[in-house]
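Chemist: There's a structure below that I have some questions on.
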Amino acid sequence: MTLLEVLQKSTEFLSKRKIDKPRLNAEHLLGHVLARTRMDLYLEFERKLTASELAPLRELLRRRGEGEPLQHLLGTVEFCGQTFLCDKRAMVPRPETEQFTESLIAETGNRIAKRILDVGTGSGVIALSLAKKFPDAEIWATDIADEALALARQNAQRLGLGGRVQFLKSDLLANVTGAFDVIVANLPYVPKQDRHLLSREVLHDPEIALFGGERGDEVMRRLIDQAPKHLKAGALFALEVGINHAVLLSKVLAEKKYHDIAAKNDYSGVTRFLFARYG
Numbered sequence: 001m002t003l004l005e006v007l008q009k010s011t012e013f014l015s016k017r018k019i020d021k022p023r024l025n026a027e028h029l030l031g032h033v034l035a036r037t038r039m040d041l042y043l044e045f046e047r048k049l050t051a052s053e054l055a056p057l058r059e060l061l062r063r064r065g066e067g068e069p070l071q072h073l074l075g076t077v078e079f080c081g082q083t084f085l086c087d088k089r090a091m092v093p094r095p096e097t098e099q100f101t102e103s104l105i106a107e108t109g110n111r112i113a114k115r116i117l118d119v120g121t122g123s124g125v126i127a128l129s130l131a132k133k134f135p136d137a138e139i140w141a142t143d144i145a146d147e148a149l150a151l152a153r154q155n156a157q158r159l160g161l162g163g164r165v166q167f168l169k170s171d172l173l174a175n176v177t178g179a180f181d182v183i184v185a186n187l188p189y190v191p192k193q194d195r196h197l198l199s200r201e202v203l204h205d206p207e208i209a210l211f212g213g214e215r216g217d218e219v220m221r222r223l224i225d226q227a228p229k230h231l232k233a234g235a236l237f238a239l240e241v242g243i244n245h246a247v248l249l250s251k252v253l254a255e256k257k258y259h260d261i262a263a264k265n266d267y268s269g270v271t272r273f274l275f276a277r278y279g
């Protein structure tokens, strides 16, 4: 078959298995197998594919059709202009988290942020994006999972940022010392009772990175309670939160003497980000 015929049949296969954006997925998988960009594919539509090229594509299509995330199959994900390794050791970074990171950078503005802490770093996308944006800052990143920290360190080395971020195993702030100008966290926030609402793709993420307790906000509440002793005067505290969490967590922040509390929507109109200052 020609490349175009393979692409069309691959798209049809993924569509029947109810994969969102089947054509885009097919293009990414075919490009991955052939080591071509999506634009390259369009320039080679008449090329005949060999059996050795089709075999790995069939396997990838099978796995994608069963709901395995595209990012896991490709092994990488784009985030804030950089390419990160991505696999089952940590949550697949979402577009909302990319928006969160961009909002955090804007919120920090021209203030001097000498020390920044990313809590629950996962694959390290937030911490490493901040390291690139703020080259003079001392940046720390924590996670409770050894597997996630290993992936984050790999990403740091791959991006040439190995010496810029200090990775630390810690249950939230348990092993953290000192105070910071910025503490940012994208913690698990899905209620356990909502497991049945999650897509096949999301359920490939580590459970420890997904579920935040019965209500979903328990881990974030713990961080809100722990953070003040690690925040400098006027420091920025930022959270990515789950659906329906913003109002209640804003009240918790106020009760804990945080101020300048601001909630922001993601691109879907969901109130997803909380920013506050302390001291």
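Using the working numbering, you'd call the opening residue of the sequence shown number 1 and step up by one each time.
Yeah, the Cβ is synthetic: ideal placement off N, Cα and C, and Gly gets one too.
Excluding the 5 residues flanking N186 on each side, which residues of the same chain have their C-beta closer than 7 Å to its C-beta?
Modeler: Excluding positions up to five away in sequence, the list reads T97, F100, G120, I126, E240.
Chemist: If you reduce the DSSP assignment to three classes, tell me which class N175 lands in.
Modeler: If DSSP states are grouped into helix, strand and coil, N175 belongs with coil.
Chemist: Taking just the CA atoms, how far does H196 sit from F84?
Modeler: Approximately 29 Å between the Cα atoms of the pair.
Chemist: Taking the straight line between their C-alpha atoms, what separation do you get for F275 and L74?
Modeler: Straight-line Cα distance between these residues: approximately 33 Å.
Chemist: Output yes if chain D places a C-beta closer than 8 Å to the C-beta of L85; else output no.
Modeler: No chain D appears in the structure shown, which is made up of a single protein chain.
Chemist: Does DSSP classify I144 as helix, strand or coil?
Modeler: Three-state result, I144: coil.
Chemist: Give the straight-line distance between the Cα atoms of T142 and D194, rounded to the nearest whole angstrom.
Modeler: One C-alpha to the other measures close to 26 Å.
Chemist: Rounded C-beta distance between M91 and P206? I'm assuming under 8 Å.
Modeler: 7 Å between Cβ atoms; contact.
Chemist: Y278 lies in the beta strand (DSSP E); which residues open and close that run?
Modeler: Here the beta strand (DSSP E) through Y278 covers 271 to 278.
Chemist: Using the Cβ count rule (16 or more neighbours within 10 Å means buried), how would you classify M1?
Modeler: It counts as exposed.
Chemist: For the beta strand (DSSP E) containing V77, list its first residue and its last residue.
Modeler: Segment 76 to 79, the beta strand (DSSP E) holding V77.
Chemist: Ignoring anything shorter than 3 residues or poking outside the segment 25 to 91, list the beta strand (DSSP E) runs there in chain order.
Modeler: The segment 25 to 91 contains these whole beta strand (DSSP E) runs: 76 to 79, 82 to 85.
Chemist: Specify the secondary structure class of I243 as computed by DSSP and reduced to three states.
Modeler: Coil at I243, not helix or strand.
Chemist: Is L149 closer than 8 Å to I139 when the C-beta atoms are compared?
Modeler: Contact: no.
Chemist: Report buried or exposed for P95, applying the criterion of at least 16 other Cβ atoms within 10 angstroms of its Cβ.
Modeler: Classification for P95: exposed.
Chemist: Give a yes or no on contact between the segment 219 to 229 and the segment 251 to 267, applying the rule of three or more CB pairs nearer than 8 Å.
Modeler: Contact between the segment 219 to 229 and the segment 251 to 267 is present, because at least three Cβ pairs lie under 8 Å.
Chemist: Identify, in the order they occur along the chain, each residue of the same chain with its Cβ nearer than 7 Å to the Cβ of F45, setting aside the five sequence neighbours on each side.
Modeler: For F45, where only same-chain residues beyond five positions count, the Cβ hits under 7 Å are T2, L3, L4.
Chemist: Is the distance from the Cβ of Q82 to the Cβ of K133 below 8 Å?
Modeler: Taking 8 Å as the Cβ cut-off, Q82 and K133 do not qualify as a contacting pair.
Chemist: Using 8 Å as the Cβ pair cut-off and three pairs as the minimum, do the segment 46 to 64 and the segment 3 to 20 touch?
Modeler: Short answer: they touch.
Chemist: Should E102 be labelled buried (16 or more other beta-carbon atoms within 10 Å of its own) or exposed?
Modeler: It is exposed - the Cβ of E102 has fewer than 16 other Cβ atoms within 10 Å.
Chemist: Check this for me: beta carbons of S10 and L30, under 8 Å apart or not?
Modeler: The answer is yes: Cβ separation under 8 Å.
Chemist: Please state the DSSP three-state secondary structure of A137.
Modeler: If DSSP states are grouped into helix, strand and coil, A137 belongs with coil.
Chemist: DSSP on R200, reduced to helix/strand/coil?
Modeler: Three-state DSSP puts R200 in coil, outside helix and strand.
Chemist: What residue range does the alpha helix (DSSP H) around L7 cover?
Modeler: Counting along the chain, the alpha helix (DSSP H) containing L7 begins and ends at 3 to 16.
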